[in-house]
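Undergrad: Numbering (our numbering), first residue to last: 349 to 523.
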Ligand SMILES: Cc1cc2nc3c(=O)[nH]c(=O)nc-3n(C[C@H](O)[C@H](O)[C@H](O)COP(=O)(O)O)c2cc1C
């Protein structure tokens, strides 16, 4: 039996939804705990066999708290079977939708100096009705520039769930 921890760094909840989908693929007898980054800040990582961290991008960056967490737990993360995935809307574009080509993954690995065993990147969601005035305006502008959807009355989910499922299967396999 393995005990696994999934940590999510999320502002609007989509990364947490992806984490929950990943849990659905875990094997019987595998205990999986899911925590937000804040909840995980005082947890003893030595209790877990596998650690998976999922984090979203906001204004070009993963959160500062995420980098602090990784710095504080670097030794344990390196010892464990640890994995990482990023959620961003740049990943909806072919040519930026895998760990080797996504700019945020490349930047993350460089800054964090962590080498997760398994890495993925997933396209996220643009949820205009949820955003405040400023965020809505900026995201609409970015979407216009990058030829994405600009109807602010709608939500647009770009996540390829079959890609999430494939990653989930790899995470729970023993290879
Ligand atoms: C205010 C704001 C800023 C964002 N900035 C970026 C960005 O710079 N690059 C990008 O690819 N996606 C960006 N996104 C898209 C998010 O990464 C995407 O919506 C993701 O699904 C959010 O995940 P979460 O709900 O777990 O926070 C931004 C979204 C918001 C709301």
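Glycine is no exception: its CB is placed at the ideal position from the N, C-alpha and C atoms.
Using a threshold of 8 Å, state whether the C-beta atoms of residue 439 and residue 470 are closer than that.
TA: Taking 8 Å as the Cβ cut-off, residue 439 and residue 470 qualify as a contacting pair.
Undergrad: Report the rounded CA-to-CA distance for residue 513 versus residue 506, giving the unit in angstroms.
TA: So the alpha carbons of these two residues sit roughly 15 Å apart.
Undergrad: Quick check on the DSSP output: what are the complete beta strand (DSSP E) runs of length 3 or more inside the stretch 440-508, in order along the chain?
TA: Correct list: 466-471, 473-475 and 503-505.
Undergrad: Assuming residue 431 and residue 464 make a contact with CB atoms under 8 Å, what is their CB distance in whole Å?
TA: The Cβ separation is near 5 Å, so the contact holds.
Undergrad: Any idea which residues DSSP pairs residue 406 with across the strands?
TA: Answer is 409.
Undergrad: Can you look up residue 428 in the DSSP assignment and give me helix, strand or coil?
TA: Residue 428 falls in the coil class under three-state DSSP.
Undergrad: By how many angstroms is the C-alpha of residue 482 removed from the C-alpha of residue 388?
TA: Approximately 30 Å, taken between the alpha carbons.
Undergrad: Quick check on this structure: which residue in 488, 509, 364 and 508 has the alpha carbon closest to the alpha carbon of residue 501?
TA: Checking every option, the nearest Cα to that of residue 501 belongs to 488.
Undergrad: Quick one: measure Cβ to Cβ for residue 363 and residue 402, integer angstroms, because I've assumed they're closer than 8 Å.
TA: The pair is a contact, with the Cβ atoms about 5 Å apart (cut-off 8 Å).
Undergrad: Could you give the DSSP three-state label for residue 391: helix, strand or coil?
TA: It is coil, neither helix nor strand.
Undergrad: Would you check if the distance between the CB atom of residue 474 and the CB atom of residue 437 is smaller than 8 Å?
TA: In contact: residue 474 and residue 437 (Cβ atoms closer than 8 Å).
Undergrad: For residue 433, name the three-state secondary structure that DSSP assigns.
TA: Looking at residue 433 - three-state DSSP - the assignment turns out to be strand.
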